[in-house]
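Colleague:
Protein chains in written order, with UniProt numbering: chain W, 1 to 276; chain G, 1 to 276; chain E, 1 to 276; chain U, 1 to 276.
(1) Closest Cβ-Cβ distance between residue 261 of chain G and chain E: below 8 angstroms?
(2) Which of the three DSSP states is assigned to residue 125 of chain U in this structure?
(3) What residues of chain G sit near residue 41 of chain E, judged by a beta carbon separation below 8 angstroms?
(4) Run down chain W in chain order and give the residues with a C-beta less than 9 angstroms from the C-beta of residue 277 of chain U.
(5) Beta-carbon of residue 160 of chain W versus every beta-carbon of chain G: anything under 8 angstroms?
(6) Measure the CB-CB distance between residue 279 of chain U and residue 118 of chain U and report whether it falls below 8 angstroms.
(7) So residue 129 of chain U contacts chain E; which residues on that side make the cut at Cβ distance below 9 angstroms?
(8) Classify residue 87 of chain G as buried or exposed, calling it buried when 16 or more other Cβ atoms lie within 10 Å of its own Cβ.
(9) Just checking residue 172 of chain E against the ligand NAD - is the residue's beta carbon closer than 7 angstroms to any of the ligand's heavy atoms?
(10) Where does residue 160 of chain W land, buried or exposed, given buried means 16+ other C-beta within 10 angstroms?
(11) Please list, in chain order, all residues of the same chain as residue 107 of chain W whose beta carbon is under 7 angstroms from its beta carbon, the five residues on each side excluded.
(12) Which value, in whole angstroms, describes the spacing of the CA atoms of residue 228 of chain U and residue 32 of chain U?
(13) Within its chain, find whatever has a CB closer than 6 angstroms to the CB of residue 14 of chain E; leave out the 5 residues flanking it on each side and keep chain order.
(14) Using 8 angstroms as the limit for Cβ to Cβ distance, is residue 132 of chain U near chain E?
(15) What do you reckon, are the CB atoms on residue 137 of chain G and residue 194 of chain G nearer than 8 angstroms?
(16) To the nearest angstrom, report how far apart residue 94 of chain W and residue 216 of chain W are at their CA atoms.
(17) Cβ atoms of residue 145 of chain U and residue 249 of chain U: under 8 angstroms apart, would you say?
(18) Whole-angstrom Cβ separation of residue 38 of chain W and residue 45 of chain W, contact assumed at under 8 angstroms?
(19) Quick one: using the 10 Å Cβ neighbour count with 16 as the cut-off for buried, is residue 78 of chain U buried or exposed?
(20) Residues in its own chain within less than 7 angstroms of residue 76 of chain W by CB, not counting five upstream and five downstream?
(21) Which residues in chain E sit within 8 angstroms of residue 251 of chain G, going by Cβ to Cβ distance?
(22) On the premise that residue 258 of chain E lies in contact with residue 8 of chain G, defined as a C-beta separation below 8 angstroms, what is that separation, rounded to the nearest angstrom?
(23) List the endpoints of the continuous alpha helix (DSSP H) containing residue 190 of chain G.
(24) Nearest to residue 233 of chain U by alpha carbon, out of U:185, U:205 and U:251?
(25) Check each residue of the stretch 171–191 of chain G: if its Cβ is closer than 9 angstroms to any Cβ of chain E, include it; give the result in chain order.
(26) Curious, which full-length alpha helix (DSSP H) runs of at least 4 residues does the stretch 92–162 of chain G contain?
(27) What does DSSP give as the partner residues of residue 14 of chain G in its beta bridges?
(28) So, for residue 185 of chain G: in the same chain, excluding its five sequence neighbours on each side, which residues have a beta-carbon less than 8 angstroms away from its beta-carbon?
(29) For a quick check, are the C-beta atoms of residue 243 of chain G and residue 245 of chain E less than 8 angstroms apart?
(30) Any Cβ of chain G within less than 8 angstroms of the Cβ of residue 225 of chain E?
(31) For the beta strand (DSSP E) containing residue 251 of chain E, name the first residue and the last one.
(32) Whose C-alpha, out of E:150, E:127, E:92 and E:224, is nearest the C-alpha of residue 214 of chain E?
(33) What distance in whole Å lies between the Cβ atoms of residue 156 of chain U and residue 253 of chain U, which are believed to be in contact at a cut-off of 8 angstroms?
(34) Output the boundary residues of the alpha helix (DSSP H) element that contains residue 359 of chain W.
(35) With distances taken between CB atoms, is the gap from residue 97 of chain E to residue 192 of chain E smaller than 8 angstroms?
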């Protein structure tokens with residue numbers, strides 16, 4: 001466990017593997033409710049051939065909160081400064097949802113610092129529809145009712161198929177999450193994080209992003225639906241797209257083997273230029 | 001405007017056209033938040049070659065509320081008694097969402113009273129997933145916060161594409177609906193209606209339903225997703241299925257021309273037996 | 001049975017219902033291998049509230065052949081002249097595949113003569129891919145091998161699901177069609193019809209077509225796949241789109257009830273302007 | 001270049017990397033028209049962390065032909081004997097189309113010899129529909145017309161989107177392939193290979209196959225459409241499924257980066273058991 005102090009705030013991060021100048025680094029950018037811990041089950045595979053960097057963004061997990069409201073730009077700057085602090089000149093980046101929107105903004109702003117990226121369950125721009133959904137989350141968060149917050153967020157994060165098939169697991173998650181969702185601190189973090197994503201918009205940047213990109217869609221993703229990733233694929237210069245049937249927004253949890261395969265296999269290719 | 005008194009409650013209904021023994025009747029079964037009024041724009045077309053019967057179920061629109069909790073069975077019985085009261089021996093039934101689940105239950109219980117049916121945006125059984133979504137709606141309804149209730153329900157009822165394209169219309173709906181959603185009476189009705197749908201389950205009935213059926217799916221339906229209607233089509237004896245691209249749960253509002261075409265065209269065929 | 005003599009050729013047509021100045025007419029435009037007879041099972045429903053006009057285009061069914069090669073323009077002109085000959089100032093047009101491409105070209109060229117249209121399983125432009133498929137058909141047609149022609153065309157016209165489920169019916173069709181497909185006359189007609197579709201291209205016309213349009217896609221259409229109709233819907237001014245799951249290119253045969261519902265219901269609406 | 005003599009026939013194979021008892025081996029099973037050479041562009045990546053074994057099955061590439069007709073069982077036995085000959089006790093197997101059906105049969109028959117598999121663009125059973133398509137191929141193959149054979153096979157192997165976008169590349173392929181498709185030897189091989197796949201059927205085996213499996217679907221696959229792979233995924237014990245939008249049957253050629261990512265990433269995971 002390590003702390004990077006940035007703008008007088010503590011940023012929690014973990015490194016698996018030995019970081020040096022020749023390391024082929026994978027950085028994970030969490031989804032909005034996630035943290036470094038969410039990826040524990042993935043570490044063994046992700047760090048087999050790569051050095052793995054996980055960290056909590058502002059208002060996530062064990063990193064400091066930011067009291068005033070902000071946009072995702074501060075998360076982009078945090079990533080840049082964290083990489084520089086660790087001496088990582090260029091990294092492979094995998095992000096899901098909130099984390100993937102940071103990845104897209106980072107690729108637009110600091111293209112030389114990103115080697116390849118895998119972005120899952122993400123949009124090019126927060127639509128009025130998605131903004132209203134976020135507003136609903138935040139209005140409920142303000143009430144402090146953790147059970148209500150659970151019920152208006154979590155079902156939309158998993159596919160109905162997974163939710164029904166793994167109902168026992170979901171019930172255990174409910175027991176685990178409702179107490180957390182009932183704490184003022186967590187809800188205030190969620191309110192600020194949700195708000196920060198409202199202005200996400202890389203529409204104009206897409207045609208300039210040359211980073212080799214693999215995009216992951218889930219066919220039952222009801223927050224960032226597949227048509228959004230088709231848009232990304234059509235407007236990025238160098239992107240391929242895969243889609244996961246019967247899978248919801250939290251693709252990493254529903255199909256961990258496939259998610260890992262895509263990440264390891266995309267970052268692990270020596271070259272991406274096939275002369276067929 | 002007419003009132004049918006049933007179990008000492010007032011049931012509001014409207015008939016367009018002249019009802020007699022030879023009438024080819026279409027009955028509309030509302031979605032959960034809808035009422036007789038929701039269909040005003042459809043009346044001219046629906047009543048052109050048919051007699052049209054619209055009504056508000058218990059706890060809908062101008063019909064009486066029911067204080068204690070109940071299951072959808074009382075809505076099924078209401079429909080049966082209303083038809084008998086009006087001397088309608090057999091009717092074509094079109095239902096959407098909540099109304100379509102009543103249609104399925106009615107077809108299972110009173111098969112001779114239903115000629116054909118069009119069921120849109122509906123499931124065979126309320127899954128644990130859908131139940132939890134309903135619970136979330138109800139927990140927010142209890143708080144009385146109309147804006148929160150709007151934001152946690154309406155975005156999931158329209159497709160993101162429609163919501164974004166018709167943002168002005170959605171904003172006007174918000175102005176219209178938030179005051180309604182802020183009244184205790186409406187929210188208590190919604191709580192009971194939502195609760196009544198929890199036990200909906202026609203899985204075992206499907207193979208016995210012989211009613212000629214047309215099923216409507218919407219590709220961006222995030223409450224009753226397309227795989228649910230595929231299940232229905234595979235398990236009903238006599239059903240065809242259509243799907244609407246870029247359309248959400250409220251298919252009647254998003255594609256009124258197509259919705260009407262399917263209803264009129266399916267009920268209007270003299271015979272359904274094609275010798276190709 | 002009636003004959004319209006046009007450019008010294010015989011054009012076969014049939015009218016169901018009594019044609020007069022107030023008739024609300026439906027005209028059917030056949031797919032490439034079809035003829036007036038293909039629609040016999042649909043006549044009762046299609047002529048219930050409308051006057052129905054069916055006809056065979058040049059090189060189809062009982063109409064004359066054209067020896068030299070031609071483009072679809074002659075079919076568009078034929079339709080215009082046939083309508084004028086019959087005194088039909090404006091008609092509803094339903095076309096499938098080849099017939100639907102004629103409908104689109106007709107709507108672009110003679111907009112006042114078309115009231116509404118339903119176009120099924122059609123493209124805006126014959127792509128290099130579709131052209132090569134047509135070339136394959138024609139190369140086999142030249143050999144005169146009717147069984148080969150059957151096997152390289154018919155399986156792509158039905159969905160695998162339908163083909164497998166109705167294998168007996170398909171086998172009967174094979175017995176019926178292979179002798180026909182083995183005649184030089186039929187194959188030469190097919191060669192010319194196929195060739196005439198190569199230059200189909202209404203891409204530039206689409207934004208100017210204001211005809212109220214309903215587009216039918218089939219999810220297992222392997223000749224004019226769903227993305228082609230999405231393109232049409234996005235570029236036409238006034239079009240809605242429905243998609244049929246588990247259905248192939250010959251949607252009228254696979255889902256006759258749904259196909260008829262869409263046609264009758266779309267043409268039967270008094271007005272198409274819904275004030276929701 | 002190496003030759004394995006099996007049943008007095010020559011089997012051509014290539015190994016990249018140094019094979020020993022600890023090697024983690026990937027074996028490639030070709031699609032029907034493919035050969036060892038088809039994978040040249042993939043060798044660098046596939047052999048980075050694995051020993052790569054490619055070979056031509058009977059009637060493929062540089063391996064011997066078999067004059068009499070046969071079923072796919074001989075290809076399954078060939079694979080088993082080749083692995084034993086090379087001292088490979090267990091291998092990761094990746095197969096596409098014809099090769100993937102061999103992989104499924106092999107997993108059913110010799111489960112201990114297969115560690116994991118990636119199967120792309122494959123069916124559980126050759127349906128009457130697919131059989132008729134194969135019959136069409138073979139009837140044209142008998143005529144010896146290479147151009148016709150090209151046009152009735154190749155367009156269905158690529159997606160219309162790829163075919164149109166890479167029209168120049170397709171034209172070059174046509175120049176390359178038509179002469180090959182015009183040789184009696186090649187066509188006779190194709191006839192036998194196609195015929196051998198007619199009896200492919202692992203429906204009853206699927207529930208017993210425990211091999212960890214990743215299945216690849218292409219959304220525009222018109223020979224082995226996505227519903228076929230959904231069937232596989234639902235009936236295998238341990239399989240995940242990904243789908244590639246805008247991609248046709250030859251997924252390895254259309255999206256080589258994604259195809260490689262899935263293969264390398266699935267075989268490269270140390271363990272596949274995620275405790276989420």
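Backbone N, C-alpha and C fix where the C-beta goes; we use that ideal spot for every residue, glycine too. Here the structure is a predicted model, which means the values were calculated and not measured.
Modeller: According to the data block:
(1) On the second chain, position 261 is the one that residue 261 of chain G refers to. Contacts with chain E at 8 angstroms (Cβ-Cβ) include residue 261 of chain G.
(2) As a working mapping, residue 125 of chain U is identified with position 125 in the fourth chain. Of the three classes helix, strand and coil, the one that applies to residue 125 of chain U here is strand, per DSSP.
(3) Working through the third chain from its first residue, we reach residue 41 of chain E at position 41. Listed along the chain, the chain G residues whose CB falls inside 8 angstroms of the CB of residue 41 of chain E are 274, 275 and 276.
(4) It is not possible to answer for residue 277 of chain U, since the shown part of chain U is limited to 1 through 276.
(5) Position 160 of the first chain holds residue 160 of chain W. Answer yes: the Cβ-Cβ gap between residue 160 of chain W and chain G drops below 8 angstroms somewhere.
(6) No statement about residue 279 of chain U is possible, as the shown extent of chain U runs from 1 to 276 and does not include it.
(7) Taking the fourth chain and counting its residues from 1, one reaches residue 129 of chain U at position 129. Neighbours of residue 129 of chain U on chain E, chain order: 155, 158, 159, 160, 161, 162, 163, 164, 167 and 170.
(8) Counting from 1 along the second chain, the entry for residue 87 of chain G is found at position 87. Burial call: exposed.
(9) Looking for the ligand NAD in the displayed structure turns up nothing, as the structure carries no ligands at all.
(10) Along the first chain, read from residue 1 onward, the residue named residue 160 of chain W stands at position 160. The residue is buried, with at least 16 neighbouring Cβ atoms inside 10 Å.
(11) Translated into positions along the first chain, residue 107 of chain W becomes position 107. Same-chain partners within the cutoff: 114, 117, 209 and 211.
(12) Position 228 of the fourth chain, counted from the first residue, corresponds to residue 228 of chain U. Position 32 of the fourth chain, counted from the first residue, corresponds to residue 32 of chain U. Each residue's CA atom was taken as its position, placing residue 228 of chain U and residue 32 of chain U some 18 angstroms apart.
(13) Position 14 of the third chain holds residue 14 of chain E. Residues of the same chain with a CB within less than 6 angstroms of the CB of residue 14 of chain E, apart from the 5 flanking positions on each side, are 36 and 54 in chain order.
(14) The residue given as residue 132 of chain U occupies position 132 in the fourth chain. Yes, its Cβ sits closer than 8 angstroms to a Cβ of chain E.
(15) On the second chain, residue 137 of chain G is found 137 positions in, with the first residue counted as 1. On the second chain, residue 194 of chain G is found 194 positions in, with the first residue counted as 1. In contact: residue 137 of chain G and residue 194 of chain G (Cβ atoms closer than 8 angstroms).
(16) Within the first chain, the letter at position 94 stands for residue 94 of chain W. Within the first chain, the letter at position 216 stands for residue 216 of chain W. Roughly 11 angstroms separates the two Cα atoms.
(17) Residue 249 of chain U sits at position 249 when you count from the first residue of the fourth chain. Residue 145 of chain U sits at position 145 when you count from the first residue of the fourth chain. Going by C-beta atoms, residue 249 of chain U is not nearer than 8 angstroms to residue 145 of chain U.
(18) As a first step, residue 38 of chain W must be located in the first chain, where it is residue number 38. As a first step, residue 45 of chain W must be located in the first chain, where it is residue number 45. Contact between residue 38 of chain W and residue 45 of chain W fails: their C-beta atoms lie close to 15 angstroms from each other, not under 8 angstroms.
(19) The residue labelled residue 78 of chain U in the question sits at position 78 within the fourth chain. It is buried - the Cβ of residue 78 of chain U has at least 16 other Cβ atoms within 10 Å.
(20) On the first chain, residue 76 of chain W is found 76 positions in, with the first residue counted as 1. So the qualifying residues of the chain are 102, 105, 106 and 109.
(21) Within the second chain, the letter at position 251 stands for residue 251 of chain G. For residue 251 of chain G, there are no C-beta contacts with chain E under 8 angstroms, since the nearest C-beta of that chain is about 10 angstroms from it.
(22) Along the second chain, read from residue 1 onward, the residue named residue 8 of chain G stands at position 8. Along the third chain, read from residue 1 onward, the residue named residue 258 of chain E stands at position 258. With a Cβ gap of about 43 angstroms, residue 8 of chain G and residue 258 of chain E do not count as contacting.
(23) The residue given as residue 190 of chain G occupies position 190 in the second chain. Here the alpha helix (DSSP H) through residue 190 of chain G covers 184–196.
(24) Locating residue 233 of chain U in the fourth chain gives position 233, where the first residue counts as 1. That would be U:205, whose Cα lies nearest to the Cα of residue 233 of chain U.
(25) So the list is empty, because no residue satisfies the distance condition.
(26) Listed in chain order, the complete alpha helix (DSSP H) runs (minimum 4 residues) inside the stretch 92–162 of chain G are 98–109, 128–143 and 146–157.
(27) Here the question's residue 14 of chain G lines up with position 14 in the second chain. According to the DSSP secondary-structure assignment, residue 14 of chain G is paired through a beta bridge with G:54.
(28) As a working mapping, residue 185 of chain G is identified with position 185 in the second chain. So the list reads 65, once near-sequence residues are dropped.
(29) Sequence index remark: in the second chain, residue 243 of chain G carries index 243 (1-based). Sequence index remark: in the third chain, residue 245 of chain E carries index 245 (1-based). Yes; because the gap between Cβ atoms is below 8 angstroms, this pair is in contact.
(30) In the third chain, residue 225 of chain E corresponds to position 225, counting from 1. Not one chain G Cβ lies under 8 angstroms of residue 225 of chain E.
(31) Here residue 251 of chain E corresponds to residue number 251 of the third chain, with the count starting at 1. Following the DSSP letters along the chain, one finds residue 251 of chain E in no beta strand (DSSP E) but inside the alpha helix (DSSP H) bounded by residues 251–254.
(32) As a working mapping, residue 214 of chain E is identified with position 214 in the third chain. Checking every option, the nearest Cα to that of residue 214 of chain E belongs to E:92.
(33) Here residue 253 of chain U refers to the residue found at position 253 of the fourth chain. Here residue 156 of chain U refers to the residue found at position 156 of the fourth chain. The Cβ separation is near 14 angstroms, so there is no contact.
(34) Residue 359 of chain W is absent from the structure shown; chain W starts at 1 and stops at 276.
(35) Position 97 of the third chain holds residue 97 of chain E. Position 192 of the third chain holds residue 192 of chain E. Residue 97 of chain E places its beta carbon 8 angstroms or farther from that of residue 192 of chain E.
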